[in-house]
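Numbering (our numbering), first residue to last: 222 to 839.
This is the structure we're talking about:
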């Protein structure tokens with residue numbers, strides 16, 4: 222399979238710039254047009270609203286810290302693009318006058334925003350001797366090279382950790398670096414100088430939309446045709462997944478254009494950790510458009526899950542199944558028992574996984590659901606311009622620089638994105654930080670675990686871990702169940718179970734597997750341990766038993782297991798908490814044990830420990 226970078230390179234968005242009118246283009250037209258060379262996938266979007274001010278505030282602070290100004294260096298235009306780039310945290314390249322003028326970066330090591338000048342900005346800084354710069358006597362610059370103090374002809378070097386514009390002797394080579402001890406400079410990046418210059422004109426986004434009107438109408442026509450053809454092919458009830466984001470907003474508008482309001486149901490998955498602004502926005506939009514809105518509500522499922530599993534992570538995403546898939550599948554199964562056609566706002570430029578996804582697919586997590594994306598080939602610029610053209614009501618959170626909306630504490634977010642979001646809802650993050658502080662304290666995880674956002678991984682990547690003073694091993698997540706073998710007995714030790722351990726509960730859940738039920742000879746309880754005597758010592762039986770124990774006493778009541786039960790034999794246990802198996806209905810297929818996200822992610826996380834235990838069977 223192709224590497225992630227090669228996949229993003231292959232699907233790179235093709236964007237252009239009109240040099241005469243001075244604005245971005247989603248298609249090539251005319252003679253004075255240049256191709257934008259952006260970091261893959263190049264899915265650039267407009268810089269607008271509060272984020273526009275934020276960008277120029279960061280640039281201003283950088284230049285003012287050097288005792289200068291960015292006036293005459295970086296033009297302040299109305300039409301500016303931002304494009305996410307790979308970095309230790311949030312970083313976007315800023316495109317003005319067809320050129321990448323620099324990066325806006327969130328420095329997690331120092332918890333602050335920084336500006337890294339590039340290309341035309343570096344050249345102008347050198348030429349005008351403004352900002353932090355260093356002119357050298359070197360014939361060339363190369364990445365990783367250390368410039369010695371004696372090689373510097375003239376400079377304005379920072380006292381703190383700021384980026385420095387660099388130039389070789391004849392300005393043929395330019396670069397950007399950081400200061401080391403003894404006035405030495407480490408070259409982070411270098412390039413050969415090419416012609417730079419400011420363009421004339423400063424059009425607004427209305428002008429850009431007017432130029433794209435025919436292009437956007439053609440995109441719309443193709444999408445509407447696709448929607449109608451897929452509808453005719455499958456002849457299933459139609460549901461639109463509306464998350465409150467820009468992509469699902471455009472998809473919603475396109476499907477309504479193609480099929481009308483009467484034929485569609487709109488589904489919003491309220492995970493319980495959505496921005497309140499998003500929940501309000503979705504309801505207002507549905508009401509304004511006269512839509513049949515169904516809400517798949519996870520309620521407090523996330524916080525129940527957190528009490529058992531600890532914080533979710535990029536490599537420990539129990540939250541998605543508990544707060545997204547479980548309530549969504551439950552609602553869809555109730556409303557569309559014979560299946561449905563779901564239109565979603567998925568685009569191939571968003572991620573490697575989506576780049577490899579087809580335009581129509583069978584949803585693996587939602588049985589009976591055919592998913593289709595009318596805007597699979599659309600760029601972010603296409604989406605934004607369509608919203609502007611159709612005057613669609615956009616979620617106001619986008620104006621704060623959040624290019625994707627969803628769960629406000631998602632571990633896939635960067636710390637810089639959390640900082641942007643705090644300007645909207647600081648109260649949410651204050652609660653989350655208290656929860657994380659309490660978890661870190663109780664498990665001795667150290668201050669960097671919270672400060673650097675190490676909680677976003679179980680296994681912290683190297684580029685992040687090297688920023689920390691130390692990285693403690695994170696063994697604190699997942700249901701705290703351990704076991705050992707004693708002859709033909711399996712002895713379980715439970716810590717902090719959600720449900721009171723009882724014989725009745727364990728016997729009821731054991732009924733889900735005929736093989737397991739027939740293998741249990743006896744069960745005994747004491748204050749802290751459960752001892753199960755088996756008729757035979759078998760690895761697969763013990764593995765089934767461990768899943769059942771987790772389901773019996775660490776259930777967070779997400780009911781994902783019930784979504785998969787072919788006989789409807791699972792209910793909430795109102796008396797003892799957790800779930801109840803209706804034994805007369807159960808066919809003992811064991812599917813529910815395999816589908817429990819708490820058991821699944823706990824056992825995945827503890828697989829190395831389980832491997833050690835499994836040697837007892839050899």
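A virtual CB, placed ideally from N, CA and C, is assigned to each residue, including glycine.
Under the three-state reduction of DSSP output, residue 238 falls in the strand class. The three-state secondary structure of residue 336, taken from DSSP, is strand. Nearest neighbour of residue 749 by Cα position, chosen from 781, 733, 712, turns out to be 712. Listed as beta-bridge partners of residue 583 by DSSP are 591. When 368, 722, 808 are compared, the shortest CA-CA separation from residue 410 is found for 368. Rounded to the nearest angstrom, the gap between the Cα atoms of residue 305 and residue 236 is 15 Å.
Pairing residue 592 with residue 604 gives a Cβ-Cβ distance that is not under 9 Å.
Under the 8 Å Cβ criterion, the region 597-616 does not count as touching the region 402-422, having fewer than three qualifying pairs. Rounded to whole angstroms, residue 706 and residue 769 show a C-alpha spacing of 17 Å.
In chain order, 262, 569, 570, 576 place their CB closer than 7 Å to the CB of residue 232, counting only its own chain and leaving out the 5 sequence neighbours on each side. For residue 661, no beta strand (DSSP E) encloses it; the enclosing alpha helix (DSSP H) starts and ends at 636-663. Bounds of the alpha helix (DSSP H) holding residue 497 are 497-510. Measuring C-alpha to C-alpha distances from residue 674 to each of 793, 389, 615, 686 identifies 686 as the nearest.
Between the C-alpha atoms of residue 739 and residue 765 there is a straight-line separation of about 12 Å.
Within the DSSP secondary-structure output, residue 410 pairs in a beta bridge with 397. Excluding residues up to 5 positions away in sequence, 294 lie with their Cβ nearer than 7 Å to the Cβ of residue 345 in the same chain.
When the Cα atoms are used, residue 360 and residue 384 turn out to be separated by approximately 21 Å.
Just so you know, the alpha carbons of residue 273 and residue 363 end up roughly 33 Å apart.
Here residue 317 is bridged, per DSSP, to 320. The C-beta of residue 721 has fewer than 16 other C-beta atoms within 10 Å across all chains shown, which makes the residue exposed. Residue 789 and residue 806 do touch by the CB rule: their CB atoms are close to 6 Å apart, below 8 Å. When the alpha-carbon of residue 565 is set against those of 461, 559, 653, the nearest one is in 461.
Straight through space, the alpha carbons of residue 587 and residue 518 are spaced by roughly 16 Å. Following the DSSP letters along the chain, one finds residue 284 inside the alpha helix (DSSP H) bounded by residues 270-286. Taking residue 248 as the centre and dropping the five residues before and after it, the same chain places the C-beta of 436 closer than 6 Å to its C-beta, in chain order. Here residue 379 is not near residue 289, since their CB atoms are 9 Å or more apart. Exclusion of the five residues before and after residue 723 leaves 746, 797 as the residues of its chain whose Cβ lies within less than 8 Å of its Cβ.
Pairing residue 350 with residue 376, the inter-Cα distance amounts to about 8 Å. Taken through DSSP and simplified to helix, strand or coil, residue 267 comes out as strand. Per DSSP, reduced to three states, the secondary structure at residue 537 is strand. A direct Cα-to-Cα measurement between residue 620 and residue 760 gives close to 55 Å. In this structure, the straight-line span from the alpha carbon of residue 314 to that of residue 677 is close to 24 Å. Contiguous beta strand (DSSP E) elements confined to the region 431-487 occur at 459-462, taking only those with 3 or more residues.
In this structure, the beta-carbon distance from residue 326 to residue 339 does not fall below 9 Å.
Shown here, residue 328 sits in a strand according to DSSP, grouped into three states. A Cβ-Cβ distance of about 6 Å is found for the pair residue 551 and residue 780, placing them in contact under the 8 Å criterion.
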